[in-house]
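> For the record, in the sequence shown the residue sitting at position 26 is 31 according to the working numbering, with numbers rising by one throughout. Take a look at this one; I'll ask things after.
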Amino acid sequence: MRVTTTKGQVTIPRAVREALGISPETEIDFVEDSSRSYIVKTGAPNVTGKFGKFRGIASAKMSTDEIMSLTRES
6 MRVTTTKGQV TIPRAVREAL GISPETEIDF VEDSSRSYIV KTGAPNVTGK FGKFRGIASA
66 KMSTDEIMSL TRES
């Protein structure tokens, strides 16, 4: 990874985010051990709102169009 801004921000690769279960609003921490640093998840995302409890639970292998057609009346 490369630091991409003057604020020290980096983009965590998708494979790493998926492996660690990191989604937007997930709290993470950096842990130093000898000469290495590690990213660790410190808690679940703080998701609020009407559908917050459903965030990240979709498992259907459908396209957006297929999902949208299920929500529309025939």
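Glycine included, each C-beta is placed from N, C-alpha and C at the ideal position. What you are looking at is a predicted structure, and each value in this text was computed from that prediction instead of being measured.
Using the C-alpha atoms, what's the distance from G54 back to K66?
Taking the straight line from one Cα to the other gives about 25 Å.
> Mapping DSSP to helix, strand and coil, what is I17?
Three-state result, I17: coil.
> Which one or two residues does DSSP pair with R41 in a beta bridge?
D38, per the DSSP bridge assignment.
> Could you spell out the range, first to last residue, of the alpha helix (DSSP H) harbouring T31?
Careful: T31 lies outside any alpha helix (DSSP H) and carries neither H nor E.
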